[in-house]
Amino acid sequence: MSAPVANSVAYRRMTEADIEAVVAIENIVHAHPWTAGNFKDSLAAGYECWIAWHGSQVAGYGVLMVAAGEGHLLNLSVAAQWQRKGLGSDFTRFFIKLGRDYDAARIYLEVRPSNAAARALYAGNGFAEVGTRRDYYPAADGREDALIMELNLK
Ligand SMILES: CC(C)(COP(=O)(O)OP(=O)(O)OC[C@H]1O[C@@H](n2cnc3c(N)ncnc32)[C@H](O)[C@@H]1OP(=O)(O)O)[C@@H](O)C(=O)NCCC(=O)NCCS
836 MSAPVANSVA YRRMTEADIE AVVAIENIVH AHPWTAGNFK DSLAAGYECW IAWHGSQVAG
896 YGVLMVAAGE GHLLNLSVAA QWQRKGLGSD FTRFFIKLGR DYDAARIYLE VRPSNAAARA
956 LYAGNGFAEV GTRRDYYPAA DGREDALIME LNLK
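Just so we're aligned, residue 836 is where the sequence shown starts under our numbering, counting upward by one.
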């Protein structure tokens, strides 16, 4: 890993004004990206939508939903030029702390089995693979299962 970027990044809440920059990154780093509407809906629903801000640029962003004492990490993405510098890990720990602040019992998330980078990122931060959801994701040739990963906070 090259020099960690955590020290040069500030976290702040996402606003509607960020969505254009967020979607520009989303369209590059995901084969099946969220739309601007998905981010607007997440903001309107009161989900924890956060930006990792570097200088005047969005370096990464994530969305955590907390309900019924459980956190669900719906999105975590790092802009291509900021990947492999420790930001994904730092952002994951940020959301784990946020989950603890809510007194959530666990955080879970879905990840594509083909997404080796994300699986390694989450495993490295304590998440365990606990199941699958059949045909969860759209894929080039139909649907792809999701792996469910979970971190117990208690
Ligand atoms: C997954 C993602 C968030 C990782 O962010 P990142 O800032 O590059 O991650 P970090 O630099 O903190 O890396 C943490 C660990 O993740 C793993 N990892 C990250 N990128 C990897 C890659 N390309 N290949 C294999 N492992 C990888 C490694 O274990 C790494 O630890 P190491 O650098 O000590 O080897 C980033 O690749 C991304 O935004 N991908 C596209 C969106 C996505 O798939 N999001 C997750 C599902 S919603």
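All residues carry an ideal CB built from backbone N, CA and C; glycine is no exception.
Hey, could you find the ends of the alpha helix (DSSP H) residue 951 is sitting in?
For residue 951, the enclosing alpha helix (DSSP H) starts and ends at 951–959.
Neighbourhood of residue 971 by C-beta, 8 Å cutoff - its chain only, sequence neighbours within 5 removed:
945, 978, 979, 980, 981
Where DSSP assigns a beta bridge to residue 893, which residues make up the other side?
888
Looking at residue 996 and ligand 1, is the gap between the Cβ and the nearest heavy atom below 8 Å?
Given that the chain is displayed from residue 836 to residue 989, the structure contains no residue 996 and the question cannot be resolved.
Examine ligand 1 and report whether any of its heavy atoms sits within less than 8 Å of the Cβ of residue 980.
no
Who are residue 851's beta bridge partners in DSSP?
In the DSSP secondary-structure assignment, residue 851 is not bridged to any residue.
Would you mind giving the Cβ-Cβ distance between residue 854 and residue 879, rounded to the nearest angstrom? I have them listed as a contact below 8 Å.
No, residue 854 and residue 879 are not in contact; Cβ-Cβ is about 12 Å, not under 8 Å.
Assign residue 969 to one of three DSSP states: helix, strand, or coil.
strand
Leaving out five residues before and five after residue 900 in sequence, what residues of the same chain have Cβ atoms less than 6 Å from its Cβ?
882, 907, 909
Residue 938 versus residue 927 - alpha carbon distance:
17 Å
Is it buried or exposed, residue 843, if we count other Cβ atoms within 10 angstroms and call 16 or more buried?
exposed
Roughly how many angstroms lie between the CA atoms of residue 868 and residue 943, to the nearest whole one?
20 Å
Quick one: complete beta strand (DSSP E) runs, 3+ long, within the segment 897–952?
Positions of the beta strand (DSSP E) runs, each at least 3 residues long and wholly inside the segment 897–952, are given as 905–913, 941–946 in order along the chain.
Whether residue 897 touches residue 940 by CB criterion (9 Å)
no
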